[in-house]
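Structure record follows, encoded as C-alpha cells.
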Amino acid sequence: MLFLKELTHTILLHPTFFGRNLRSALKQRLYQEVEGTCSGLFGYIIAVIEIVDTGKGVLQTATGHAEFNVRYKAIVFKPFKGQVVEGLVTTVNRMGFFADVGPLQVFVSAHLIPEYLRFDPNANPPAYAGENQDMQLLTIEKGVALKIRILGTRVDATEIFAIGTIKEDYLGP
Amino acid sequence: MDPTNCSHEIQFRGMCAMCFKNLEIPSFEGSHTEKATINMSHNALGLLVSESKAKEIERETAQRLRKQKKLSLILDLDQTVIHATVDGNVGEWLQDVNHPDHHALKNIFHFTLAGDRDKNIYYIKVRPGTFEFLEKAHKLFEMHIYTMGTRPYAEAIAKILDPTGALFNERILSRDDSGSFQEKSVKRIFPGEGETMAVVLDDRGDVWSWSRNLIRVNPFNFFIGTGDINEPLGKSGRKVAPPPNTQESTPAVVAPTADVALPTQSSPTLNTESQTSPKPVETNASSSDTRTENTPEPQITPELAPNPAPSTPQPPVHPNPRATTTRPTQDNDRELEPIWTRLQTIHSRYYNDSFDANLQKHVVEWDSDVRKIMDSMRETVLEGCCLVLSGVVPIGVDIAKHDAYKLAVLFGAEVATDVDEWTTHVVAAKTGTDKVHKGMRRKGVHIVTPDWLYHSVNNWTRLSETVYSLMDQSSRNRTNTNSSVNTDIASLDDDEDGAIFTATLNMGDWADMDAEVDDALAEDSDEEDDLLPNGDEGISKDVQEVEKVEEEEDEFDFDDDLLSREIDELVGAHSDSDEEKTNASKRKRSVSPDVEVKK
Chain A
9 MLFLKELTHT ILLHPTFFGR NLRSALKQRL YQEVEGTCSG LFGYIIAVIE IVDTGKGVLQ
69 TATGHAEFNV RYKAIVFKPF KGQVVEGLVT TVNRMGFFAD VGPLQVFVSA HLIPEYLRFD
129 PNANPPAYAG ENQDMQLLTI EKGVALKIRI LGTRVDATEI FAIGTIKEDY LGP
Chain B
413 MDPTNCSHEI QFRGMCAMCF KNLEIPSFEG SHTEKATINM SHNALGLLVS ESKAKEIERE
473 TAQRLRKQKK LSLILDLDQT VIHATVDGNV GEWLQDVNHP DHHALKNIFH FTLAGDRDKN
533 IYYIKVRPGT FEFLEKAHKL FEMHIYTMGT RPYAEAIAKI LDPTGALFNE RILSRDDSGS
593 FQEKSVKRIF PGEGETMAVV LDDRGDVWSW SRNLIRVNPF NFFIGTGDIN EPLGKSGRKV
653 APPPNTQEST PAVVAPTADV ALPTQSSPTL NTESQTSPKP VETNASSSDT RTENTPEPQI
713 TPELAPNPAP STPQPPVHPN PRATTTRPTQ DNDRELEPIW TRLQTIHSRY YNDSFDANLQ
773 KHVVEWDSDV RKIMDSMRET VLEGCCLVLS GVVPIGVDIA KHDAYKLAVL FGAEVATDVD
833 EWTTHVVAAK TGTDKVHKGM RRKGVHIVTP DWLYHSVNNW TRLSETVYSL MDQSSRNRTN
893 TNSSVNTDIA SLDDDEDGAI FTATLNMGDW ADMDAEVDDA LAEDSDEEDD LLPNGDEGIS
953 KDVQEVEKVE EEEDEFDFDD DLLSREIDEL VGAHSDSDEE KTNASKRKRS VSPDVEVKK
C-alpha cells in the first residue's frame, strides 16, 4: 500500500557546499540518498514530495562537515499480507514465476497458479499456458501484467520479499 | 496450507512458497531453511528447493527429454564457441575493407553492455561452424549456456548465437548465478538424475575437475594475445590446460617433405582432421600488441593466404614465408566438426535399439548414463598403455591429484610409479632422468613427451608415439638452438605461422610420416635432422619450465642412493657440454656411457 509519510534523514554536508546553493545541495543529496531505498519499517521510499524542515546545520568539530537533520514527506510503498497488487512477470520457471510490483519482487509458486495453467518447458520464452472455464486461452510469460494477492512477506532491514498467489477469482492475467 | 504440516520444499528468500511462513525464525524442530538448499533455476533469484523436490523436477525433465529423444548439452562460451576481445584496434580493422584479412572477419559481432561505465566495445568472433553446430545440436540436445562471464555478457552472446531464443531459451547460467568464480559443476544445473544425460563442452577441464560429463574442446583463439576475458579467478590456464600451441608440433615434422604436404580433398577420420589442421594463430602470439600497427604487405591477397582447411583443393602455395608473419589472425578452425561426430556417437549410443524396445513396452525407467558411454569411449583411447610419468608431476605434489595422472586414468591407461616389465610408455618432460634411462633399456617402451598424452586426450585418439618421441624432440630442439648451422631454418622457425604448414593430412599421411621419421632416426645424421622443421617453441618452453622442477625430482629419486646421484650429475654435466655442440649423434654417445656405468 502507498502512504504519504513524514520521515527524517541525516545529511552530512561538505564545507564546499556552504554558500548560496546550500539548500539545493541539501535537496540533491536527500533525493540521492533516500529515493529508491527500502527500510524494513516503512517499506520502499518511492519519491520525496517536499522537505518540511532542514533544521539548523551543526558543524562537526573534527571534520568541518555540517550535520542536517532533514524532515521530509515521501511516498512509501509497503506490501501487506492479503493485499492485491499488479505486477509484471519477469522470470518463469517450472517452480513458478517471479513478478515485479514496482520495486518489490513477488514469487508465485506453481502450487498457487490455477490448475488449468500448465508449465510448458518447450515454449519460447517459457510459459504457463492453458484455457480457463470460459475457454479463454491464457498465458503467463515474461512481460505479462497480472494481479497477485500477497500471501506472505519477509521484511529485512533493507529489503522486502513477498510470496503471492493467483489461484483466486479475479486474480491472474 | 497449514504451516505445521508443510514440508517447506520450495523456499524463496527464507519464506516457504507454499505455506508463506517465515522460516528464518528458529523453531523447536531446528532450522527450516536447511530443508531446501538446492538452487534449481539457472538464475540467482533466491529460490531454493529440497532434495526430494529437486529429484522430482529432474525426473520430469528427464522423461520429457527421453520422449523427445534428446540429451542435455552444457556449453561454455569463451574460447569454446566464441572468442571475445575489448581491443579497440579490431574496430579499425573491421572498417578497413582493403585489409588482407578482411575475409576472416565475417561472424564478428560487437556490442556494449548497458551499465558499463567504460563503454567497452566487445568484439565477438564466433568460431567457424558454430551456427551450423548449434543448429544440428539443437535437434539432439537441449542446450544450456554455462559461462564464467557476467549475466549481461552471457545474454548478449546468447542473443548473437541464438537471436530467436529457440536454442537456449533462458537456459543461461552465468558467474553471477553460479555462485563460484573458480569452478563449474554439472550439479549446479542437474542436481539429480539429469546428470546422467548431460554432456559438457568446455575448453577448460580443470574448472570442471575433469568431470566425466566433459568433452574438452581445444580453445578457440582468434584475437591473438587476448586469451579468455572471463578467465576463472586464481587459475592459470597455462598451468593446467595443455598448451594449445604445441598442436603444430605434429605437422611441423612433415610439412617440408613436399609430397605429403599435398592437401587431400576429404578427411576420413575427423579426429585426425583436427590434429592436422595447424593453428598458426597461436604461433605469432608474441606479436599480439603490434599486430595492427604492422600492416601486412598489401600484395598478399587472401587467395594466396595459406588455408590449411581440409576442403581446399588447391595445392599448397608457398609464398615468401616472411609475408605472413604479421597476419593478425586465421580463420581456419575446424574443431567443432570432430566434436559433433563425438556427440552424435554419444547420442546414438544412449538412444540405442534397446531404448526403442523399452519405449514400446512403456518402460519409463532407463538406466543408461552418458557418463558410462563417454567413459567407455575414452577408455579405449589409451587402453593397454601402462604409463610412467617422469618429470611431469612436480615434487611434493600428490601424483593422483595431477592432471596428467587424472587424464591418463580417465582415458584408460594405467599409471605406474616406476618402469617395470609392463611399462609401455615413459612420459617424460626431459631426457636424462632415471626413468627415461630405464625405459630406454627396455625393448618396446616408447619414450614420449607429455604432449603426446595431452594431445591424445584432446583428440580422443592414441596418436603416433614416434611423432612425440622425446629423443626426437630433444634432438630437434638442440639443432634449433644452434642457429649458425642453418640460418634458413632459423628464419623459417620465426615465420612458422602457416606458410610451411599448408599440409593437411589424413590417416594415410600419418603412416608416411611415421616411416619418414623412422628413416630419419635410422640414418641418425645431422643433415637429416636439420631438414626437419624443428623448433616448436611451445614445447621447448615447456621443457624449460619443467626443468627446474625436474632437477629437484632427480635429487629426490636418488636421495637414498648416493652413487646413482653422482652418476646423474655426471649425466647433467655431459649434456650441458653437449648443448654447446648440439649434435644429435654426439648426444647419443653421451647417453650410452651412462647406461654402461649404471649396469
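Top line first, the protein sequences correspond to chains A and B. Start counting the first sequence at 9; every next residue gets the next number (our numbering). Start counting the second sequence at 413; every next residue gets the next number (our numbering). Built from N, CA and C at the ideal position, the CB exists for glycine as well.
> Rounded to whole angstroms, how far is the Cβ of L546 of chain B from the Cβ of L573 of chain B, which I believe are closer than 8 Å?
Replying inline: Sure, about 6 Å apart at Cβ, within 8 Å.
> Within 10 angstroms of its Cβ, does D196 of chain A collect 16 or more other Cβ (buried), or is it exposed?
Replying inline: Lying outside 9 to 181, the shown extent of chain A, residue 196 of chain A is not represented and no answer is given.
> For the beta strand (DSSP E) that V827 of chain B lies in, which residues bound it at each end?
Replying inline: 826–828
>> Can you pull the chain B neighbours of T99 of chain A, defined as C-beta to C-beta under 7 Å?
In response: N455, L457
>> According to DSSP, is N132 of chain A part of a helix, a strand, or is it coil?
In response: coil
> So, does the CB of E446 of chain B fall closer than 9 Å to a CB anywhere in chain A?
Replying inline: no
> Going by DSSP, what residues sit across from S881 of chain B in a beta bridge?
Replying inline: B:V860
> Would DSSP call W872 of chain B helix, strand or coil?
Replying inline: Residue state, collapsed to three classes: coil.
> If contact means a Cβ-Cβ distance below 7 Å, which residues of the segment 568–593 of chain B contact chain A?
Replying inline: G577, A578, N581, E582
> Measuring CA to CA, which of B:F632, B:H814, B:H849, B:R790 is closest to L822 of chain B?
Replying inline: B:R790
> What are the residues that DSSP puts in a beta bridge with D490 of chain B?
Replying inline: B:I494
>> Within 10 Å of its beta-carbon, does I437 of chain B have 16 or more other beta-carbons around it, so buried, or fewer, so exposed?
In response: By the 16-neighbour rule on beta-carbons within 10 angstroms, I437 of chain B is exposed.
> Checking contacts by CB at 9 Å: is L120 of chain A closer than that to chain B?
Replying inline: yes
> In angstroms, rounded to a whole number, what distance separates the CA positions of L179 of chain A and T69 of chain A?
Replying inline: 58 Å
> Roughly how many angstroms separate the alpha carbons of E472 of chain B and K818 of chain B, rounded to a whole number?
Replying inline: Going by the C-alpha atoms only, they are around 34 Å apart.
> For D615 of chain B, which residues does DSSP report across the bridge?
Replying inline: According to DSSP, D615 of chain B bridges with nothing at all.
> Would you call R476 of chain B buried or exposed, if buried means 16 or more other Cβ atoms sit within 10 Å of its Cβ?
Replying inline: Counting the other CB atoms within 10 Å of its CB gives R476 of chain B a total below 16, which places it among the exposed residues.
> Would DSSP call F127 of chain A helix, strand or coil?
Replying inline: strand
> Quick one, are the C-beta atoms of L20 of chain A and A74 of chain A less than 9 Å apart?
Replying inline: It is a contact, given that the beta carbons lie within the stated cut-off.
>> Suppose the cutoff is 8 Å on Cβ atoms and the five residues either side in sequence are ignored; what does the same chain contact list for V857 of chain B look like?
In response: V831, T835, T836, H837, V838, G851
> What residues from the segment 113–145 of chain A come within 7 Å of chain B, judged by C-beta to C-beta, listed N to C?
Replying inline: F115, S117, H119, P129, N132, P133, P134
> Expressed to the nearest angstrom, what Euclidean distance is found between the alpha-carbon atoms of R31 of chain A and G72 of chain A?
Replying inline: Whole-angstrom Cα-Cα distance: 18 Å.
>> In the DSSP output, which residue or residues are listed as bridge partners for N77 of chain A?
In response: A:T18
> Given a limit of 7 Å on CB to CB distance, which residues of the segment 154–165 of chain A reach chain B?
Replying inline: L159, G160, R162
> Going by C-alpha distance, which of A:L15, A:V93, A:A135, A:Y124 is nearest S47 of chain A?
Replying inline: A:L15
>> Output needed for A429 of chain B: all residues of its chain with C-beta closer than 6 Å, excluding positions within five of it in sequence on either side, in chain order.
In response: Here A429 of chain B has I422 as same chain residues with Cβ atoms under 6 Å from its own Cβ, once five neighbours each way along the sequence are excluded.
> Among residues of its own chain, excluding the 5 on either side of P111 of chain A, which ones have a beta-carbon nearer than 6 Å to its beta-carbon?
Replying inline: Y52
> Out of B:Y762, B:T792, B:A816, B:A448, which has the shortest C-alpha to C-alpha gap to K481 of chain B?
Replying inline: B:Y762
>> Per DSSP, what are the beta-bridge partners of Q423 of chain B in this structure?
In response: B:C428, B:L460
> Does DSSP classify E470 of chain B as helix, strand or coil?
Replying inline: Reduced to three states, the DSSP call for E470 of chain B is helix.
> Under a three-way DSSP split, which group does K596 of chain B fall into?
Replying inline: coil
> chain B partners of I148 of chain A, CB-CB under 7 Å?
Replying inline: Under the 7 Å cutoff, chain B gives no residues; its nearest Cβ is about 14 Å from I148 of chain A.
> Where DSSP assigns a beta bridge to R157 of chain A, which residues make up the other side?
Replying inline: A:V92, A:T173
> How would you list, in chain order, the residues of chain B whose beta-carbon sits under 9 Å from the beta-carbon of F105 of chain A?
Replying inline: Under the 9 Å cutoff, chain B gives no residues; its nearest Cβ is about 10 Å from F105 of chain A.
> Going by DSSP, which residues form a beta bridge with A55 of chain A?
Replying inline: A:I83
> Of the residues B:N633, B:E595, B:D930, which one's Cα is nearest the Cα of D490 of chain B?
Replying inline: B:N633
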